[in-house]
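For the sequence shown, the numbering used here puts the final residue at 256, and the numbers step up evenly by one.
Idealized CB from N, CA, C, for every residue including glycine.
Quantities reported herein were computed from a predicted structural model and do not represent experimental measurements.
The structure appears right after this line, and notes come after that.
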Amino acid sequence: MFKRLKETIDAFKARDPAARSSLEIILLYPGFHAIIYHRIAHWLYNKRLRFLARCVSQWSRFWTGIEIHPGAKIGRRLVIDHGMGVVIGETAEIGDDVLLYQGVTLGGTGKDKGKRHPTIGNNVMIGAGAKVLGPFTVGDNARIAANAVVLKEVPPDSTAVGVPARIVRVAGKRTNYVESIDHISVTDPIDVELSAITAQMQMLERQLVTHDPTLYERLDEMEGAPEPEGESAGAPREPGGADSEQAPKQEQDA
């Protein structure tokens, strides 16, 4: 028990640059408090003392702002940074060395019984405000960007971004869990698509110019050409205009 407690404290130190000492983490970190409360509530839950387990979890929610159902299975060295608004459902499972930021929800998508919450693999980072909803698996070493809404399985060593989340595979190897907290380097698939569209348009422009070198000159001439004087050929004639005034005169002459 004390070994796991020390592991958790060391994990907070490794992943939170603001953590200055073990005493600070023990006394002042709500994420650490919520994990300790959950260990107690989960033990009671497994002993079928469900009411007492819920009492402990609700007490933890009151003091920390973090709601973890007593039935949730949590691995070793979990870190909940800041923590306010984190919700973890009854059938959720979390592996080892996982990092959660504030506002994360590991929830379900309906009122189904049985397994209805996600399974999070080892060494996973879930950014602030992200929602992972449904009974699927988030693979080892995956990253979920802030405010993403994940509704389907996330493969290992990949990144989920957007609403609904899209998968961006990370080419290469497993990254160190301390380095995996960098949100800035997360690839945005929309930016990638826009860049591809821009490159395609530039290629088409080059092909047009190659086919007709005078294209840009003629376009500039058309844009700079003066508008024809007087009424345009297609403009509608107003009633009572010159033509309508000449008609009665012609009838009188007749």
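Whole-Å CB distance - S59 paired with A43, under 8 Å assumed:
Their Cβ separation, rounded to whole angstroms, is 5 Å, which keeps S59 and A43 in contact under 8 Å.
In chain order, what are the residue ranges of uninterrupted beta strand (DSSP E) at least 3 long that sit wholly in the stretch 100-170?
Segments of the beta strand (DSSP E) lying fully in the stretch 100-170: 107-109, 133-135, 160-163.
Output needed for V106: all residues of its chain with C-beta closer than 6 Å, excluding positions within five of it in sequence on either side, in chain order.
Within the same chain, V106 has close Cβ partners V88, I128, A132.
So, for R118: in the same chain, excluding its five sequence neighbours on each side, which residues have a beta-carbon less than 6 Å away from its beta-carbon?
Around R118: T93, G110, P137.
By alpha-carbon positions, which one of L210, I70, V163, P215 ends up nearest to G85?
For G85, the closest of L210, I70, V163, P215 by C-alpha to C-alpha distance is I70.
Straight-line CA distance for P72 to I169?
Using only the alpha carbons, I get a separation of about 31 Å.
Segment limits, alpha helix (DSSP H) that includes T66:
For T66, the uninterrupted alpha helix (DSSP H) run begins and ends at 52-66, by DSSP.
Under 8 Å Cβ to Cβ from V165, same chain only, skipping five residues before and after it: list those, please.
Excluding sequence neighbours, V165 sits near N149, A150, V151.
DSSP three-state call for I183: helix, strand or coil?
Because I183 sits at a pLDDT of 48, beneath the cut-off of 50, its placement in the model cannot be relied upon, and the point is left open.
Using the Cβ count rule (16 or more neighbours within 10 Å means buried), how would you classify G112?
G112 is classed as exposed because its beta carbon has fewer than 16 other beta carbons within 10 Å across all chains shown.
Looking only at its own chain, which residues have a Cβ that is under 6 Å from the Cβ of G77, when we skip the five neighbours before and after it?
So the list reads I96, G97, D98, once near-sequence residues are dropped.
Could you tell me if S62 is buried or exposed, where buried requires 16 or more neighbouring beta carbons within 10 angstroms of its beta carbon?
In summary, S62 is buried, with 16 or more beta-carbon neighbours lying within 10 Å of its beta-carbon over all protein chains present.
If you follow the alpha helix (DSSP H) that E26 is part of, which residue opens it and which one closes it?
Boundaries of the alpha helix (DSSP H) around E26: 24-30.
In the structure shown, what three-state DSSP assignment does K8 receive?
Residue state, collapsed to three classes: helix.
So who's on the other strand from I192, going by DSSP bridges?
According to the DSSP secondary-structure assignment, I192 is paired through a beta bridge with no residue.
If you measure between the beta carbons of Y47 and A36, is that distance less than 8 Å?
The answer is no: Cβ separation not under 8 Å.
Would A198 be called buried (16 or more neighbouring beta carbons within 10 Å of its own) or exposed?
By the neighbour-count rule (16 or more Cβ atoms within 10 Å), A198 is not buried but exposed.
Run the CB neighbour count on L108, radius 10 Å, all protein chains shown included, and call it buried at 16 or more, exposed below.
Burial call: buried.
Quick check: the Cα distance between V341 and N124, rounded to an integer number of angstroms?
Nothing in the structure corresponds to residue 341, since the chain is present only between 3 and 256.
For T121, does the count of other Cβ atoms within 10 angstroms reach 16, so buried, or fall short, so exposed?
Classification of T121: buried, given that the 10 Å Cβ count is 16 or more.
Can the beta-carbon of A20 be found closer than 8 Å to that of I27?
In terms of Cβ geometry, A20 and I27 do not form a close pair [threshold 8 Å].
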